[in-house]
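Some notes on the structure that comes next.
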Amino acid sequence: MRVAVIGAGVAGLVCAHRLTEAGHTCDVYERWPGLGGQAATIDVGGGHLLERYYHHLFTSDRHIADLFDELGMPDELQWRPSSMAFFLEGRSWPFTTPLHLLRFGPLSPFSRVRMGLAVLKLQKTAHDVAPFERMTARDWIRRSMGAQAYDKVWGPLLRGKFGDRADDISMAWLWGKLTMRRKLEGKEARQELLGYPQRSWEPMFGALRDRIEAGGGRVLIDRPAAGLRRVAQGFEVTAGAPGSFRTGHDPERYERHGEPERYDAVVATVPNDVFRGLLDDDLAEAIGPEYLGRLERIEYHTALCLLLELDRRFSPFYWTNIADPELPFVGLVEHTNFVEPERYDGRRFLYIANYLAPGDPLLALDPEALIERYTPGLRKVNPGFDRSWVRERWLHREPAAQPIVTVGYPERIPPLDTGVPHLVLANTTQIYPEDRGTNYAVRLGGDAADALLSRDLNSVWAETGS
Ligand SMILES: Cc1cc2nc3c(=O)[nH]c(=O)nc-3n(C[C@H](O)[C@H](O)[C@H](O)COP(=O)(O)OP(=O)(O)OC[C@H]3O[C@@H](n4cnc5c(N)ncnc54)[C@H](O)[C@@H]3O)c2cc1C
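Counting the sequence shown from 1 gives a position; my numbering is that position plus 13.
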């Protein structure tokens, strides 16, 4: 088969790699002038690459660890101690070990123990997500950990990530976070280890591209798909002009470029709204209103991520959760408290993380205005902070960064199989109950290839009479 894979994020690259292994030829279309999607890197100067959005792996992330091995890069992934804190009530509270929980001043001693025991019990006994699918995280937290734990810790965190949808977030989402990520027992109880590829995520993307191209395929960056339609026994993809990424994410706004190319099958790994925007009327009709309705009903929040190069260390922690609702950002991720600054010739990098509903006024700010808006909050965390510490800055926005997983979410997930033979959709909305991440994008890419290959092409065309 000749297959068009739309999107060169982790899912798209892995899918194309699996299809190539199975003897098919893939063209991968990518809007951005680089590989990796949400895990893409930028050149921060001096020959150093850094992800646009902070990235690390958990020890439970086996699919991506296996992929590094498979690609002949077993030593690429390094496991490093992490340090975490909560910022609330005017200070940062270390939160890496169970002892930190016992010393966590904002909660009463009883609430601290109750919170720890609730997580432990969940990890030990709750092996199935089903009982948690019909309740909100808020209700479970208030019942199992108490109102104080919700009001001081979890409520602000959920609001930071999901804004005004926080109270509706399904407990299934939190179950995934609390049970799969890290066990509060054994070696990891004392010190959480997180993974980071020693030369960034980029070499993995390059290795996947090389394998796809060695199989006769092409990985086409800065070449978005602008339109998709059905033709006899296949599909036609129309590309958008180079530089289209500057006009945003809506494929209908891309200037069309060159002759459409014909494929036997298509795997789209783009967000739901982008996929919808690619379809011509005939294909949309063939997919049908039920499936299209699912695409429309899932909401996303936008990641707004400001990366600062600072002339000094900002805090002692890698990861600071902001649980103070007065601060206009939700997390501080000091990359060089995780990977040593020597790796970057002594330079220091801090990500300021935010998740916002579409249309939030912060999304309209340019980097300078955002730094100004954030500075009072940064000073609350580190009173010495001054604008003169900032040597360089980069700002990225990802509209489809976080699907909003409310109660009843599983019924809204669009299946991989769109119902149109040999048209597969694989994106982060289908990662469930786990929280989306590169590890699950690796799994999804493989599942998308399987979904395509599970139906024999000739019998499919015979079946549909096309
Ligand atoms: C702020 C932030 C922090 C994160 N932190 C972590 C972390 O610490 N660890 C972790 O494992 N994961 C993390 N993730 C999540 C992880 O990056 C994603 O889950 C994963 O990369 C998704 O891969 P994907 O291929 O499914 O989707 P994407 O990466 O979104 O890939 C979709 C691709 O399609 C492309 N595209 C869009 N429109 C078109 C078009 N018209 N034509 C062609 N191509 C198009 C996009 O440019 C993109 O490359 C984070 C994400 C964000 C936003």
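By construction, the Cβ of each residue, glycine as well, lies at the ideal position given by its N, Cα and C atoms.
### Query
Excluding five sequence neighbours on each side, which residues of the same chain lie with their C-beta closer than 6 Å to the C-beta of MET158?
For the purposes of this step, residue 158 is identified with residue 145 of the sequence shown, where counting begins at 1. The answer, listed in chain order, is ARG127, MET128, ALA131.
### Query
Using DSSP with H/G/I as helix, E/B as strand and the rest coil, what is ASN367?
Counting from 1 along the sequence shown, the entry for residue 367 is found at position 354. For ASN367, the secondary structure class from DSSP, reduced to helix, strand or coil, is strand.
### Query
Thinking C-alpha only, which one of GLN136, PHE99, LEU112 is nearest PRO119?
Stepping through the sequence shown from its first residue, residue 119 is reached at position 106. Of all alpha-carbon atoms in GLN136, PHE99, LEU112, the one lying nearest the alpha-carbon of PRO119 is that of PHE99.
### Task
Rounded to whole angstroms, what's the CA-CA distance from LEU391 to ASN334? Just pull it up for me.
For the purposes of this step, residue 391 is taken as residue 378 along the sequence shown, with counting starting at 1. For the purposes of this step, residue 334 is taken as residue 321 along the sequence shown, with counting starting at 1. For LEU391 and ASN334, the distance between alpha carbons rounds to 13 Å.
### Message
Assuming contact is defined by CB atoms lying nearer than 7 Å, are TRP188 and PHE145 in contact in what I supplied?
### Response
Here residue 188 corresponds to residue number 175 of the sequence shown, with the count starting at 1. Here residue 145 corresponds to residue number 132 of the sequence shown, with the count starting at 1. Between TRP188 and PHE145, the CB-CB gap stays under 7 Å.
### Query
Hey, how far is the Cα of VAL283 from the Cα of LEU115?
As a working note, residue 283 is residue 270 in the sequence shown. As a working note, residue 115 is residue 102 in the sequence shown. For VAL283 and LEU115, the gap between their C-alpha atoms comes out near 43 Å.
### Message
In whole angstroms, give me the CA-to-CA distance for GLN246 and ASP277.
### Response
Residue numbering aside, residue 246 sits at position 233 when the sequence shown is read from its first letter. Residue numbering aside, residue 277 sits at position 264 when the sequence shown is read from its first letter. Cα-Cα distance, rounded: 7 Å.
### Message
For a test of your reading of the model: does the CB of TYR313 fall under 6 Å from any non-hydrogen atom of ligand 1? Yes or no.
### Response
To locate residue 313, count along the sequence shown from 1; it is residue 300. TYR313: no, Cβ never under 6 Å from ligand 1.
### Query
Are the stretch 146–154 and the stretch 326–344 touching, with three or more C-beta to C-beta distances below 8 Å?
Output reads no: the stretch 326–344 does not touch the stretch 146–154.
### Query
Apart from the five residues just before and just after ASP249, which ones in its own chain have a Cβ nearer than 6 Å to its Cβ?
Here residue 249 refers to the residue found at position 236 of the sequence shown. Sequence check: residue 249 is Glu here, not Asp. Excluding positions up to five away in sequence, the list reads ARG242, PRO273, ARG275.
### Task
Determine the DSSP secondary structure at PHE71, reduced to helix, strand or coil.
If you number the sequence shown from 1, residue 71 lands on position 58. It is a strand residue.
### Task
Return the chain-ordered list of same chain residues with a C-beta closer than 6 Å to the C-beta of LEU320, the five sequence neighbours on each side being excluded.
Locating residue 320 in the sequence shown gives position 307, where the first residue counts as 1. Closer than 6 Å at the Cβ level, and outside the excluded window around LEU320, lie TYR364, TRP407.
### Query
Is the Cβ-Cβ distance between ALA439 and ALA24 less than 7 Å?
Walking along the sequence shown from the start, residue 439 turns up at place 426. Walking along the sequence shown from the start, residue 24 turns up at place 11. Result yes, Cβ atoms of ALA439 and ALA24 sit closer than 7 Å.
#### Entry: Which of helix, strand or coil DSSP assigns to TYR11
The displayed coordinates of the chain run from 14 to 479. Any statement about residue 11 would go beyond what the structure contains.
### Task
Determine the DSSP secondary structure at TRP407, reduced to helix, strand or coil.
Against the sequence shown, residue 407 aligns to sequence position 394. In this structure, TRP407 counts as strand in the three-state DSSP scheme.
### Message
Tell me whether ASP20, by its Cβ, gets closer than 6 Å to a heavy atom of ligand 1.
### Response
Numbered from 1 along the sequence shown, position 7 holds the residue referred to as residue 20. Rather than Asp, the amino acid found at residue 20 in this sequence is Gly. Distances from the CB of GLY20 to the heavy atoms of ligand 1 include at least one below 6 Å.
### Query
So, are the CB atoms of ILE300 and CYS39 less than 7 Å apart?
Position 287 of the sequence shown holds residue 300. Position 26 of the sequence shown holds residue 39. Result no, Cβ atoms of ILE300 and CYS39 do not sit closer than 7 Å.
### Query
Under three-state DSSP, which class holds GLY85?
Residue numbering aside, residue 85 sits at position 72 when the sequence shown is read from its first letter. Shown here, GLY85 sits in coil according to DSSP, grouped into three states, outside any helix or strand.
### Message
Please state whether the Cβ-Cβ distance between THR442 and PRO416 is less than 7 Å.
### Response
Sequence index remark: in the sequence shown, residue 442 carries index 429 (1-based). Sequence index remark: in the sequence shown, residue 416 carries index 403 (1-based). Contact: yes.
### Message
Taking the alpha-carbon of TYR368 as reference, which of THR110, TYR304, LYS174 has the nearest alpha-carbon?
### Response
Start at 1 with the first residue of the sequence shown, and residue 368 comes out as number 355. Checking every option, the nearest Cα to that of TYR368 belongs to LYS174.
### Query
Based on the DSSP output, what are the partners of ILE19 in its beta bridges?
Translated into the one-based positions of the sequence shown, residue 19 becomes position 6. DSSP lists TYR42, ALA281 as partners of ILE19.
### Query
So is GLU447 buried or exposed if we call it buried at 16+ other beta carbons inside 10 Å?
Residue mapping note: residue 447 aligns to position 434 of the sequence shown, counting from 1. Looking at its Cβ environment, which holds 16 or more other Cβ atoms inside 10 Å, GLU447 is buried.
### Task
Could you tell me which residues DSSP puts in a beta bridge with ALA503?
Because residue 503 is not part of the residues shown, which for the chain are 14 to 479, the question remains open.
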